[in-house]
Amino acid sequence: MTGVKSEGQGIGLVESFAVGDHAKVERALELLRSLGVTELRTEVSWADAVTPEGERWYGWLLPRLAQEVRVVPCFTGTPGALGVEPRRNAPPREAHAFGDFVESFLARHGRHVEWVELWNAPGTLASYDWRLDPEWEMFSAMVADGARRARAAGKKVVLGAELDALWLACVLDRVGADSFDAVAVQGYPNQDVAAFQGWEEWLAPIRMVLAGHRSKAAVWLTTGYSTWRFDEKQQLSAFLDATAAPVERLYWCSLRDTEVDVESAEAPADVPALHFGMVREDGSPKLLFRLWAEHGLAGLPEQWRGLESPYRRAHPERHVVVFGGAGFLGANVAHRYLEDGQRVLVYDNLSRPGVERNLRWLKARHGARVDVQVADLRDAPAVREAVRHAQAVFHFSARVAGTTRLTNPVHDFEVNARGTVNVLDAVRACETPPPLVFTSTHQVYGGLPGLSLAPDGRRYEPVDVEVRGQGLGEEQPLDFESPSGCSKGAADQYVLDYARTWRLPLAVFRMGCIYGPRQFGFEDQGWVAHFLRRTLRRQPITLYGDGRQVRDLLFVEDGVRAFQLAMVNMSRLGGQVFNIGGGPQRAVSLLEVLDLIGELTGQAPQVKFEDWRTGDPRYYVSDTRKFQAATGWAPRVEVREGVTRLHAWMRDMGAGTVQRALDRQEAREGIHG
571 MTGVKSEGQG
581 IGLVESFAVG
591 DHAKVERALE
601 LLRSLGVTEL
611 RTEVSWADAV
621 TPEGERWYGW
631 LLPRLAQEVR
641 VVPCFTGTPG
651 ALGVEPRRNA
661 PPREAHAFGD
671 FVESFLARHG
681 RHVEWVELWN
691 APGTLASYDW
701 RLDPEWEMFS
711 AMVADGARRA
721 RAAGKKVVLG
731 AELDALWLAC
741 VLDRVGADSF
751 DAVAVQGYPN
761 QDVAAFQGWE
771 EWLAPIRMVL
781 AGHRSKAAVW
791 LTTGYSTWRF
801 DEKQQLSAFL
811 DATAAPVERL
821 YWCSLRDTEV
831 DVESAEAPAD
841 VPALHFGMVR
851 EDGSPKLLFR
861 LWAEHGLAGL
871 PEQWRGLESP
881 YRRAHPERHV
891 VVFGGAGFLG
901 ANVAHRYLED
911 GQRVLVYDNL
921 SRPGVERNLR
931 WLKARHGARV
941 DVQVADLRDA
951 PAVREAVRHA
961 QAVFHFSARV
971 AGTTRLTNPV
981 HDFEVNARGT
991 VNVLDAVRAC
1001 ETPPPLVFTS
1011 THQVYGGLPG
1021 LSLAPDGRRY
1031 EPVDVEVRGQ
1041 GLGEEQPLDF
1051 ESPSGCSKGA
1061 ADQYVLDYAR
1071 TWRLPLAVFR
1081 MGCIYGPRQF
1091 GFEDQGWVAH
1101 FLRRTLRRQP
1111 ITLYGDGRQV
1121 RDLLFVEDGV
1131 RAFQLAMVNM
1141 SRLGGQVFNI
1151 GGGPQRAVSL
1161 LEVLDLIGEL
1171 TGQAPQVKFE
1181 DWRTGDPRYY
1191 VSDTRKFQAA
1201 TGWAPRVEVR
1211 EGVTRLHAWM
1221 RDMGAGTVQR
1231 ALDRQEAREG
1241 IHG
């Protein structure tokens, strides 16, 4: 055949499970359901299976998997793992114990499987004449006896392991050309860069051996792509290439990244092996998984074409660079500059559901003036390349503020703090450093426990008359809370320090709550859009606290004007921080926003309440007078008008794939309501 079919026939996934890890199995099955995948290959360890605990485990695992997928058990292990060493001369009798194991295992669990894979080969292939090694006799005997027993049990047999042409030829010579129904070849393009020249060439030696032995065995392929360099777009590309490989079945490795204790991690050379998953260790989906789940396997090629607008690295024209340019704020800023006739480079890793829709919108509206670089902020060379011809830089990329997400502080640090330093170093390296505006957050001020408040109807109000009339200014002491808050706060301070130390044209905006069209909201970011979306879909909304907490809302058009004014006036604004939001005139409580949403939608939002969250202030309103005095800027759009316009955009967007993807994302992240 010329490749696995687009509807998914012949495509499966690889995932292994530790004995007793029932939760991982259930999570894996949930992920497989999201993708519509019904083929799974998983390891069966000989050493584990002969223990009482292992017997109980596989007695549960195989039936559970078989309820939802067609499972291929991959038998692994050697007599050495059981305390038996290989012997010279005749094939060791101990090796036949493997055949006994296969036979007994299939007697107990064979009704749940159609295929079995034998994963037994010498540890060193092609580096010396290993046929003189006693391991050769042992392994070939194991394969032969295992295949015979599996065939006797009525199962189809796959020859696996790190299969090369020499090993395959020797096994076929010994056990016969008709002993296997399939052979499973491995190959990992970004691990075997020097040797990999495409799947046709990679598979050619295997096909030659099969043809020479007149074997009718099908060819399966196991492959994957490690994102240890944060290149998730390339993982998607490698997957699409693999689906076109000339094989009868493809197994993609794997579902989730390998969980590892950072303190006991192995040498750096082992790091790539930890990142083959389509889902990160913390459960968040990578680009391949998200697009596959949202658009189906058949829709992936079209999604790939939508990303193929590569940054023209040699383009001489200077451009505006927007990090996070496919996100809500980034897309709106990019759109404004593109409307003004500027060339814009959108730099985004597309990790948020819905943002690829923003990217398609920008490209449809502005065509060739939009350059796209799908890359991660942690990829320092890619960041430097993006900034090289920049005339202005906006830095909106960040791991979102995570009052509910405390699972991966290292990830928060790497994206928010280290990623920001990558951008700053790239700017500093330019012959003429471009001006940069960085979006920080009002959360750097923490929960504001010293602010005296009094309830006033459906909101809290400050006791201090000046704060009530003007909001909170930039002199407010910093008070970072949560790993996400610390990493964002560190980035905030790095920007100011680079501006001071190297006299770079950089400014920090500590943002209030900005909202508007092209926002796909979640609880922790874009909560106005989140409230609207949940109400329109008749889904419950969770309020943490009593709902009377107050925020100042800034409509995105007013925010974009502020960003443009900051760039125009950067010679005077560089090295400074500004609180940017709607100010006291646009301050509303969460309950008041829900009341407005009920009016606009004609249906009362479903609300439930939970405890207050650490670091969540009961009142935050931006004092924007400093920026207004410097630039003449002031918000124009009132809250009712802004929420009405957001509602109209969201209603027009409908309940399509993006909305369903947002629902799935919230479910995966364990977000309440």
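Letter by letter, the sequence shown follows residues 571 to 1243 of our numbering. By construction, the Cβ of each residue, glycine as well, lies at the ideal position given by its N, Cα and C atoms. Bear in mind the structure is a predicted one, so any value in this text is a computation, not a measurement.
Residue range of the beta strand (DSSP E) that residue i falls in?
i, result
"Gly582", "Ile581 to Val584"
"Asn902", "Unbroken run through Asn902 is the alpha helix (DSSP H), Phe898 to Glu909; no beta strand (DSSP E)."
"Glu613", "Glu609 to Ser615"
"Pro1025", "Leu1023 to Asp1026"
"Met1303", "The structure shown does not extend to residue 1303, since the chain is modelled only from 571 to 1243, so the question has no answer here."
"Phe964", "Ala960 to His965"
"Asp1122", "Val1120 to Phe1125"
"Ser824", "Looking at the DSSP string, Ser824 is not in any beta strand (DSSP E), and its letter there is neither H nor E."
"His783", "Unbroken run through His783: none, as it is neither H nor E."
Just reading off the alpha helix (DSSP H) that residue i is part of, what are its end residues?
i, result
"Glu623", "Pro622 to Ala636"
"Tyr1015", "Element bounds for Tyr1015: n/a, residue is neither H nor E."
"Thr990", "Gly989 to Ala999"
"Phe809", "Glu802 to Thr813"
"Phe1090", "Segment: none, Phe1090 is in no alpha helix (DSSP H) and carries neither H nor E."
"Leu920", "Taken as a continuous stretch (DSSP letters only), Leu920 belongs to no alpha helix (DSSP H), as it is neither H nor E."
"Ala739", "Ala735 to Val745"
Exposed or buried, residue i, counting other C-beta atoms within 10 Å across all chains shown (16 or more means buried)?
i, result
"Val1299", "As displayed, the chain neither begins before 571 nor continues past 1243, which places residue 1299 out of reach and without an answer."
"Gly782", "exposed"
"Pro759", "buried"
"Lys1178", "exposed"
"Arg603", "exposed"
"Gln767", "exposed"
"Ala987", "buried"
"Gln1109", "exposed"
"Asp715", "buried"
"Pro633", "exposed"
"Gly894", "buried"
"Tyr698", "In this predicted model, Tyr698 has a pLDDT of only 46, less than 50, meaning its place in the structure is not dependable enough to derive any value."
Counting only the same chain and skipping the five closest in sequence on each side, list residues whose C-beta sits under 8 Å from that of residue i.
i, result
"Ala660", "Unreliable placement is indicated for Ala660, whose pLDDT of 43 sits below 50; the coordinate value is still reported in the next sentence. Excluding positions up to five away in sequence, the list reads Glu707."
"Tyr1181", "It is Asp, not Tyr, that sits at residue 1181 in the sequence shown. Within the same chain, Asp1181 has close Cβ partners Tyr1114 and Gly1115."
"Arg1210", "Leu1166"
"Ser834", "A caution first: Ser834 carries a pLDDT of 43, below 50, which makes its placement in the model too unreliable to give a value."
"Trp790", "Val728, Ala752, Val753, Ala754, Val755, Val817, Glu818, Arg819, Leu820 and Tyr821"
"Tyr1064", "Ala987, Thr990, Val991 and Leu994"
"Ser1141", "Pro1075"
"Asp831", "Because the pLDDT of Asp831 is 47, which lies under 50, any placement of that residue in the model is unreliable, and the question is left without a value."
"Gln761", "Ser796 and Pro842"
In chain order, what residues of the same chain have a beta carbon less than 7 Å from the beta carbon of residue i, not counting five sequence neighbours either side?
i, result
"Leu599", "Glu638"
"Pro1025", "Arg1118"
"Gly580", "Val574, Glu818, Arg819 and Leu820"
"Ala739", "Val779"
"Gly647", "Ser615, Trp616 and Ala617"
"Gly1027", "none"
For residue i, which residues from the same chain have a beta carbon less than 6 Å from its beta carbon, with the 5 sequence-adjacent residues on both sides left out?
i, result
"Trp772", "Gly757"
"Thr1105", "Ile1167, Thr1171 and Pro1175"
"Leu908", "Val914, His936 and Arg939"
"Phe964", "Val892, Val903 and Val1007"
"Ala945", "Ala952"
"Ala788", "Ala752 and Glu818"
Residue i: which of the options sits nearest, CA to CA?
i, options, result
"Glu1045", "Gly1055, Val1065 and Leu1018", "Leu1018"
"Val614", "Asn978, Arg640 and Leu631", "Leu631"
"Gly1153", "Gln1089, Asp1193, Leu1135 and Val985", "Asp1193"
"Val745", "Arg1029, Val713, Val957 and Asp949", "Val713"
"Arg826", "Leu688, Leu583 and Arg922", "Leu583"
"Ala588", "Leu601, Glu623, Gly606 and Leu861", "Glu623"
"Lys1196", "Leu676, Trp931, Ala1132 and Tyr1189", "Ala1132"
"Glu829", "Val672, Asn978 and Leu844", "Leu844"
"Arg1221", "Phe1125, Gln1089 and Glu984", "Gln1089"
"Gly1202", "Leu1124, Gly1041 and Gln1134", "Gln1134"
"His959", "Leu932, Leu929, Ser967 and Ala996", "Ala996"
"Gln1155", "Cys823, Ser1057, Val1191 and Thr608", "Val1191"
"Gly1041", "Trp862, Leu1123, Leu857 and Ala735", "Leu1123"
Quiz item: Quick one: any contact between the segment 593 to 609 and the segment 806 to 814, if contact means 3 or more CB pairs under 8 Å?
Solution: These segments do not touch.
Exercise. State whether the segment 909 to 919 contacts the segment 1032 to 1042, with contact taken as three or more CB pairs (one from each stretch) at a distance under 8 Å.
Key: no
Self-check item: Validate contact between the segment 1211 to 1218 and the segment 1072 to 1090 using beta carbons, cut 8 Å, 3 pairs
Solution: yes
Practice problem: Evaluate contact between the segment 1065 to 1077 and the segment 1131 to 1150, counting only Cβ atoms and requiring at least three cross-stretch pairs below 8 Å. | Solution: yes
Quiz prompt | the segment 1154 to 1164 contacting the segment 1042 to 1056, beta-carbon criterion three pairs below 8 Å | solution = no
Practice problem: Spell out a yes or no on whether the segment 923 to 932 and the segment 897 to 907 are touching, meaning 3 or more CB-CB pairs, one atom from each, closer than 8 Å. | Solution: At 8 Å Cβ cutoff, the stretches touch.
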